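Asks:
In this note's numbering, the protein residues as written are 54 to 159.
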């Protein structure tokens, strides 16, 4: 079963790490408790739209970009055939990409 909260948490963590930010820095800028944000990143807690927007702002990343990445990952997990214009992002873990045609993998 695909858990949306797990994919959202993974994407938030990946964006945070790509930007070289600590959990403490992002939590502080987003005015979110450090422990709560940690649980969101680990997929243990559901984040409200307000918290997602605050974290996106703290990461200087549009929420639409974050949710777009979540959508791409869910498509891979669900095994949906993606149009050629949509390549699997490099941030998708390799184990989720296995079994897909090579032309979809960037």
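Glycine included, every Cβ here is placed at the ideal spot set by N, Cα and C. Source: prediction; values computed, not measured.
1) In this structure, how does DSSP classify residue 77 when only helix, strand and coil are distinguished?
2) Within the continuous alpha helix (DSSP H) that includes residue 71, where are the two ends?
3) Can you tell me where the alpha helix (DSSP H) with residue 91 in it begins and where it stops?
4) Taking the alpha helix (DSSP H) that residue 113 falls in, what are its first and last residues?
5) Can you list, in chain order, the residues of its chain whose CB lies under 7 Å from that of residue 91, leaving out five sequence neighbours each side?
6) So what's residue 106 in DSSP terms, helix, strand or just coil?
Replies: In short, the structure shows the following:
1) The residue you call residue 77 lines up with position 24 of the chain shown. Correct three-state label for residue 77: helix.
2) Stepping through the chain shown from its first residue, residue 71 is reached at position 18. Residue 71 -> alpha helix (DSSP H) spans 57-71.
3) Residue mapping note: residue 91 aligns to position 38 of the chain shown, counting from 1. Segment 87-94, the alpha helix (DSSP H) holding residue 91.
4) Translated into positions along the chain shown, residue 113 becomes position 60. That residue, residue 113, is in no alpha helix (DSSP H); it is neither H nor E in DSSP.
5) If you number the chain shown from 1, residue 91 lands on position 38. 76, listed in sequence order.
6) Here the question's residue 106 lines up with position 53 in the chain shown. Residue 106: helix per DSSP, three-state reduction.
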